[in-house]
Amino acid sequence: ETGQSALDLFFLES
Amino acid sequence: MFEARLIQGGLLKKLLESVKELVTDANFDCSESGIALQAMDNSHVALVSLLLRSEGFDPYRCDRGFSLGVNLNSLNKILKCAGNDDIITLRADDNSADSLSLSFENPNNDRIGEYELKLMDIDQEHLSIPETDYDATIIMPSAEFQRICRDLTVVSESVTIDVSKDTIKFTAEGELGSGNIKLKSTSSIDKPEESVNIELGQDVSLQFSLKYLMNFTKGTPLSEQVILCLSEKMPLLVEYKMDIGYIRYYLAPKIGD
């Protein structure tokens with residue numbers, strides 16, 4: 031979808 | 068040994084209905100404090116976080132940490148075999164937790180259904196949800212939020228949520244035209260569950276996908292109120308509180324356009 035960001039940056043621990 | 072007996076078994080049925088479309092496979096993490104589940108959807112746009120506190124069960128036993136890998140569609144199919152008023156008991160053994168036992172007792176205790184659900188190994192992503200001070204927190208009737216999402220889906224696939232001092236405004240613009248719904252903060256002493264409460268640090272304007280919000284509103288039967296928490300450039304939190312815990316949905320905002 032256009033302009034849809036993801037949650038990885040906020041919640042995913044590397 | 069893990070054992071959890073839920074008098075209000077219908078709650079578990081509703082809970083599964085409210086997560087199964089976002090997440091297919093997930094681990095139920097069982098500990099002394101209760102049962103938790105955290106999982107992102109495949110596209111990493113939405114996250115579900117669910118907690119059922121041990122005090123909500125009677126009895127609740129969990130000797131050590133258990134992670135029960137479950138296909139939520141399969142669990143949902145089995146839970147459909149339970150009556151809405153049934154008492155539901157979940158059990159897993161220490162040694163061979165390769166299946167989850169479920170029993171459904173009717174209120175008269177003269178019909179007991181027993182099922183086994185095969186468990187699976189799920190390689191779960193490691194998620195951490197930081198505590199956040201949100202710019203805006205709205206508490207409103209959950210049915211109203213559901214209606215707004217449903218109505219604006221007619222107009223567009225996205226909605227912009229603007230929160231200012233005493234108003235929350237939902238706006239959608241699409242090919243056929245546009246629509247918006249404004250709710251003013253209200254307080255009803257007689258029926259607090261019908262009030263709209265806005266706590267605001269600073270004005271917020273964020274855009275979200277309605278398809279996901281519609282999915283979140285599957286939580287509506289769990290609570291008369293929904294809590295929306297927003298901060299600029301942060302995921303939206305949509306929370307339904309229950310007596311025994313909560314279900315929280317997070318949604319990444321849309322950016323640019």
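As they're listed, the protein sequences go chains A and B.
Numbering-wise (this note's numbering), the first sequence opens with residue 31 and increments by one.
Numbering-wise (this note's numbering), the second sequence opens with residue 68 and increments by one.
Built from N, CA and C at the ideal position, the CB exists for glycine as well.
DSSP places A/Leu37 outside both helix and strand once states are collapsed to three, so it counts as coil. Within the same chain, and ignoring the five residues on either side of B/Asn282 in sequence, the residues whose Cβ sits closer than 6 Å to its Cβ are Glu88 and Leu89. Approximately 49 Å separates the beta-carbon atoms of B/Asp257 and B/Met187; this is outside 8 Å, ruling out the contact. When B/Glu192, B/Tyr279, B/Lys185 and B/Ala319 are compared, the shortest CA-CA separation from B/Leu142 is found for B/Lys185. Listed along chain A, the residues sitting closer than 7 Å to B/Leu114 by beta-carbon distance are Leu37 and Phe41. By the beta-carbon neighbour count (other beta carbons within 10 angstroms, threshold 16), B/Asn175 is exposed. B/Arg214: member of the alpha helix (DSSP H) spanning Ser209 to Thr220, first to last residue.
Between the beta-carbon of B/Met68 and that of B/Arg128 there is about 6 Å, and that keeps the pair under the 8 Å contact cut. Note that the C-beta distance between B/Lys81 and B/Leu289 is below 7 Å. The straight-line gap separating the alpha-carbon atoms of B/Leu118 and B/Pro302 is approximately 19 Å. Proximity of B/Lys321 to chain A, defined by a Cβ-Cβ separation below 7 Å, is satisfied. Across the set B/Asp152, B/Asp229, B/Ile322 and B/Asp190, the C-alpha of B/Asp229 shows the shortest separation from the C-alpha of B/Asp202. B/Leu304 and B/Asp177 have their C-alpha atoms spaced approximately 42 Å apart. DSSP lists no beta-bridge partner residue for B/Cys148.
Contact of B/Pro302 with chain A is assigned, a C-beta pair being separated by under 7 Å. Here B/Ala113 is near B/Tyr279, since their CB atoms are less than 7 Å apart. C-alpha of B/Ile102 to C-alpha of B/Gln213: approximately 27 Å in a straight line. The beta carbon of B/Gly76 sits closer than 6 Å to the beta carbons of Ala149, Asp153, Ile154 and Ile155 from its chain, once the five residues preceding and following it are set aside; these are given in chain order. Residues of chain A with a Cβ closer than 7 Å to the Cβ of B/Met107 are, in chain order, Leu37. Take B/Glu291, set aside five residues on each side of it, and the residues of its chain with a beta-carbon closer than 8 Å to its own are Pro208, Ser209, Ala210 and Glu260, in chain order. Judged by their CB atoms, B/Ser170 and B/Glu183 are not nearer to each other than the 7 Å cut-off. A residue is called buried when at least 16 other Cβ atoms come within 10 angstroms of its Cβ; B/Thr287 meets this threshold and is buried.
One Cα belongs to A/Phe41, the other to B/Glu172, and the distance between them is close to 39 Å.
Under the three-state reduction of DSSP, B/Tyr313 is assigned to strand. Around B/Asp270, the same chain offers Ser231 as residues with beta carbons nearer than 6 Å, after the five sequence neighbours per side are excluded. Membership of B/Met281 in the alpha helix (DSSP H) is indicated by the continuous run Leu277 to Phe283.
In the structure shown, B/Lys87 adopts coil according to DSSP, grouped into three states.
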